[in-house]
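J.: The numbering used here applies: residue 133 is where the sequence shown begins, and numbers increase by one.
Note that beta-carbon positions come from the ideal geometry of N, C-alpha and C, so glycine has one too.
Since the structure is predicted, the reported quantities are computational estimates derived from the model, not experimental observations.
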Amino acid sequence: MKLQDLTTSPAMLAELGRRLALARRQRGLSQEELAERAGVGVATLRRIEDGRDARLGSWLRLLSALDLVAAVDLLLPEEQRSPLAEVRGERRRRGGQAGRGTRFVWGDERP
Numbered sequence: 133m134k135l136q137d138l139t140t141s142p143a144m145l146a147e148l149g150r151r152l153a154l155a156r157r158q159r160g161l162s163q164e165e166l167a168e169r170a171g172v173g174v175a176t177l178r179r180i181e182d183g184r185d186a187r188l189g190s191w192l193r194l195l196s197a198l199d200l201v202a203a204v205d206l207l208l209p210e211e212q213r214s215p216l217a218e219v220r221g222e223r224r225r226r227g228g229q230a231g232r233g234t235r236f237v238w239g240d241e242r243p
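#1: Check the Cβ-Cβ distances between Gln136 and every residue of chain D, and say whether any is below 7 Å.
#2: How about Gly160 and Ile180: do their beta carbons lie closer than 7 Å?
#3: Are the beta-carbon atoms belonging to Ala155 and Leu198 less than 7 Å from one another?
#4: I'd like to check one pair, Leu152 with Gly167: are the Cβ atoms closer than 7 Å?
#5: Using only the alpha-carbon positions, how far apart do Gly231 and Ser214 sit?
#6: Apart from the five residues just before and just after Gly173, which ones in its own chain have a Cβ nearer than 8 Å to its Cβ?
#7: With DSSP collapsed to three states, give me the class of Trp238.
#8: What separation, rounded to the nearest whole angstrom, lies between the Cα atoms of Ala162 and Glu218?
This is the structure we're talking about:
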């Protein structure tokens, strides 16, 4: 399942829990082994894999134990670039919207 803007929070938690369980199984780890490596309770891991709400700290410990810390960086990149936002910011630095208060003139209308 692809997570999208309209995906509900419970559906996202269920999908992320499914993905975490898949990553754990691909590494040949039981729930008990991963919970021990991550320093979380087995009940906590079961809740997360079942798609029930969990603390971010538990998620971070689990992802770290699975060597998936790089995935955390993808959640909220350090630098978020938006070409549209950069253009809008440039307009503000130049003193407002381009052409405000003046009539736009096409090239063939110029004297």
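T.: By the coordinates alone:
#1: You won't find chain D in this structure, because it holds only one protein chain.
#2: The Cβ atoms of Gly160 and Ile180 do not sit closer than 7 Å to each other.
#3: In terms of Cβ geometry, Ala155 and Leu198 form a close pair [threshold 7 Å].
#4: The question names Gly, but residue 167 is Ala in the sequence shown. Taking 7 Å as the Cβ cut-off, Ala167 and Leu152 do not qualify as a contacting pair.
#5: For Gly231, the predicted structure reports a pLDDT of 48, less than 50, and the residue's modelled location is therefore unreliable. A value from the coordinates is still provided. When the Cα atoms are used, Gly231 and Ser214 turn out to be separated by approximately 23 Å.
#6: So the qualifying residues of the chain are Ala167.
#7: Reduced to three states, the DSSP call for Trp238 is coil.
#8: This sequence places Ser at residue 162; Ala is not what is there. So the two alpha carbons sit approximately 47 Å from each other.
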